Amino acid sequence: MLLFAGRQPSARLLAAVGGVSWQNFAVVARSLSNAASGAAAEDSDKLHVCVVGSGPAGFYTVDRLLKKYGGKVHVSILDRLPTPFGLVRSGVAPDHQDTKNVINQFGALAGDPRVSFFGNVHVGRDVALEELRRLHHAVVLAYGAESDRKLGVPGEEGPGVLSAREFVWWYNGHPDARHLPIDLSKVHSVAICGIGNVALDCARALLAPPARYQPTDMAAHALAELGGGGGGGGGAGRSGVRQVHLVARRGPVQAACTPKELKELLTECGVAARTSAPDQLEVSAADAAEMKATRLKRRVHELVSKAVADGAKEAAGGGAKELFFDFYRNPVEVLRDGASGAVTGLKVERTVVQAGGGGGGAPVAVGSGQFEVIPCQLVLKSIGYKGLPMEGVAFDGRRGVIPNVAGRVLKAAPDAKAAASSSSSPPPAAAPAAAAAAVDSGMYVVGWLKRGPTGIIGTNLVDAEETAGALMADAPALLAAGAAAGAGAGAPQGLAGLSGLIKQRRLRAVEWGAWRALDAAEVDAGKAEGRVREKVTEVADMLRIAGV
């Protein structure tokens, strides 16, 4: 079932709040939310904190602050989307529903009277960062990594080439990716550049039987497109994909994926695994040393080797879809049809893996001067996410992060040498003396925007503890600075000031009660079809259903 005919909500969705009109429901929800939040912000000695971004890193930071300060803190969370939870909603694979259970913990935090959520408020467009700084003792930037690293090869720009982030956002129903021109009906082969867990997520979505995703919260438009191409059950769709190539510059021992996710793709999706050349699974002396030192690397090699051996028993062009491991291949050009501009292949250079700098660094891939072409009609780039800058704060464009020391934002990005050394953050007990003058007081950063796009959801817990620890160590000075500003307009007003600003500008902010209405509508519509939820994928529809 589709939720909308055109841009109008379905009858089932409109009935999701039990006959109460959306307008009245939203008024009541906002009144309750504002009353609770306003009561929490009355004390003048409270620490007022604003968190920009509502993903795991932001929520874990909120959790630490609430546990530390009890009733003496109020946190306002802003998100540019009407929906909370960031990467949990838009990045975690639909067939990994257990991973998404963390939203129950985050939801409890957002419903706390010491916390206010304002979705659909875009910092830099609707409100300025400087305004948030003026209204709060501290601002924590937690808006993640919403851009991508580039291959930097000819043919990369144009139709038929997407980042893995865009593809993941598309099948997860992110509004920014809802209308990407993805047409799989004429796609037989897909080349994915990279072999990390995100690349495997994309490969599963392209190769697995549609029945795997039918009960999940995969967006309805993606289900309709990805179904088909054989592979068994779950309804017909448009996809003609029969092959996926995982293209990696180095070998299986250096693959960035984890054994659990690799095994899932190889054993649960009905694929026949192949390599483009038998020597790609050979183990060098350096590989053997790596495998001996790290069980996970040994396990990845074992899984690939066994899958390829099993795949050899499956005839090419048979019933199973094919997963090709193209190790030791570096993309050098996306090939296109001269007349239509459509992607026809990915030109790659064979590589040789050598020891890193000084013999102690990570193995690096070096070109051999030998080239070949992987025929494909779609290229996905899974070589890393990248953060975006925000006006009013320093940004390290090379690393795609906000420069910081232990989560304290710096006034300027350090040079490359300093940036490398700052990756091992000192304890947050106090701003390091050498860096104190360079710290942008009251500004903090957490998550991928702080450290780069590494780790899993749980990694953000440790990261948030460090940033929250830095903020808590600085809190006495921040409160003193706020008190020195006096009781007038110069003192941080926290929620009262932020709510007033939102109201004055007539922003259509989605508060927590309004999100709960949208959430309930999605879940109700999904249950009717035997699914976890049916995501709303247009911002205008989200706002209408939320009643704002």
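Residue numbers (UniProt numbering): 1 to 548.
Beta carbons are placed, not taken as given, at the ideal position from N, Cα and C, and that holds for glycine.
Computed from a prediction, not measured in an experiment: that's the story for all the values here.
Could you pull the start and end residues of the alpha helix (DSSP H) that residue i belongs to?
i	result
Ala224	220-226
Val523	512-527
Phe167	164-171
Pro476	459-484
Glu322	Here Glu322 belongs to no alpha helix (DSSP H); instead the beta strand (DSSP E) covers 321-326.
Asp287	285-293
Phe106	102-110
Phe118	Element bounds for Phe118: not the alpha helix (DSSP H) but the beta strand (DSSP E), 115-119.
Ser76	No alpha helix (DSSP H) contains Ser76, which is instead part of the beta strand (DSSP E) from 73-79.
Going along the chain, which residues of its own chain have a beta-carbon closer than 7 Å to the beta-carbon of residue i, five neighbours each way excluded?
i	result
Leu266	Ala273, Leu303, Ala307
Pro259	Leu296, Arg299, Val300, Leu303
Glu522	Arg533, Glu534, Lys535, Val536
His174	Ser90
Ser424	Summary for Ser424: the model assigns pLDDT 41, below 50, so the residue's position carries little reliability, and this model does not support an answer.
Tyr60	Asn460, Leu461, Ala464
residue 619	Since the first residue of the chain shown is 1 and the last is 548, residue 619 is not available in this structure.
Phe167	Cys202, Leu380
Arg408	Ala431, Val439, Tyr444, Ala470
By Cβ distance, which residues of its chain are closer than 6 Å to residue i, with the 5 residues on each side in sequence left out?
i	result
Arg531	Pro215
Asn104	none
Leu162	Leu380
Gly526	Val532, Arg533, Glu534
Asp310	none
Pro278	none
Does the distance from the CB of residue i to the CB of residue j come in under 7 Å?
i	j	result
Ala57	Val462	no
Ala394	Ala412	yes
Pro453	Gly384	yes
Gly244	Val190	Note that residue 244 corresponds to Val in the displayed sequence, not to Gly. Yes; because the gap between Cβ atoms is below 7 Å, this pair is in contact.
Glu349	Phe371	yes
Leu200	Glu130	no
Asp396	Pro403	yes
Val271	Lys321	yes
Leu478	His96	no
Gly356	Leu135	no
Leu507	Met542	no
Cys376	Leu410	no
Gly158	Ser382	no
Trp512	Ala108	no
Asp148	Arg133	no
His188	Gly240	yes
Val334	Gly155	yes
Ser116	Gly86	no
Val52	Val102	no
Thr99	Arg249	no
Ala177	Gly387	no
Kindly indicate which residue of the options has the alpha-carbon position closest to the one of residue i.
i	options	result
Thr275	Pro259, Ala286, Val247, Arg295	Val247
Val343	Leu184, Asp524, Arg125	Leu184
Tyr143	Gly152, Arg178, Pro84	Pro84
Arg399	Leu449, Cys376, Val353, Val439	Leu449
Pro94	Leu543, Val539, Val548, Lys535	Lys535
Arg544	Ser382, Val510, Pro159	Val510
Leu378	Ala138, Gly107, Gln254, Pro181	Pro181
Ala205	Lys186, Cys193, Ala177, Trp170	Trp170
Gly361	Gly55, Gly155, Ala222, Gln254	Gln254
Gly458	Pro278, Pro82, Val88	Val88
Pro252	Leu226, Ala288, Ala220	Ala288
Arg336	Val373, Leu501, Ala483	Val373
Arg329	Asp310, Gly319, Lys313, Gln280	Gln280
Tyr444	Lys100, Ala312, Ala406	Ala406
Gly442	Gly227, Ser499, Ala485, Ala481	Ala481
Gly367	Phe327, Lys386, Phe106, Gly338	Phe327
His221	Asn172, Gly152, Val62	Asn172
Leu151	Asp524, Ile192, Ala483, Leu323	Ile192
Arg451	Leu141, Ser340, Val153, Leu78	Leu141
Lys263	Ser499, Ser305, Gly494	Ser305
Is residue i near the ligand SAH - that is, is its Cβ less than 6 Å away from at least one heavy atom of it?
i	result
Gly124	Here there are no bound small molecules, and the ligand SAH is not part of this structure.
I'd like the span of the beta strand (DSSP E) that includes residue i, first residue to last.
i	result
Gln97	Unbroken run through Gln97: none, as it is neither H nor E.
Leu189	Looking at the sequence provided, one finds Ser at residue 189 rather than Leu. Ser189 -> beta strand (DSSP E) spans 189-193.
Ala365	364-375
Thr267	No beta strand (DSSP E) holds Thr267; the alpha helix (DSSP H) holding it covers 259-268.
Ala272	271-275
Lys381	378-381
Arg329	329-336
Gly61	Sequence check: residue 61 is Thr here, not Gly. Run containing Thr61: none in the beta strand (DSSP E); it sits in the alpha helix (DSSP H), 56-69.
Which same chain residues end up closer than 8 Å to residue i when comparing Cβ atoms and leaving out the 5 residues on each side of it in sequence?
i	result
Ala286	Val353, Ala355, Pro363
Val539	Leu81, Pro82, Asn120, Pro175
Meets three-Cβ-pair contact criterion under 8 Å: the segment 463-478 and the segment 55-69: yes
Stretch-stretch touch, CB-based, cutoff 8 Å, three pairs: the segment 72-79 with the segment 45-59: With the cut-off at 8 Å, the segment 72-79 and the segment 45-59 touch.
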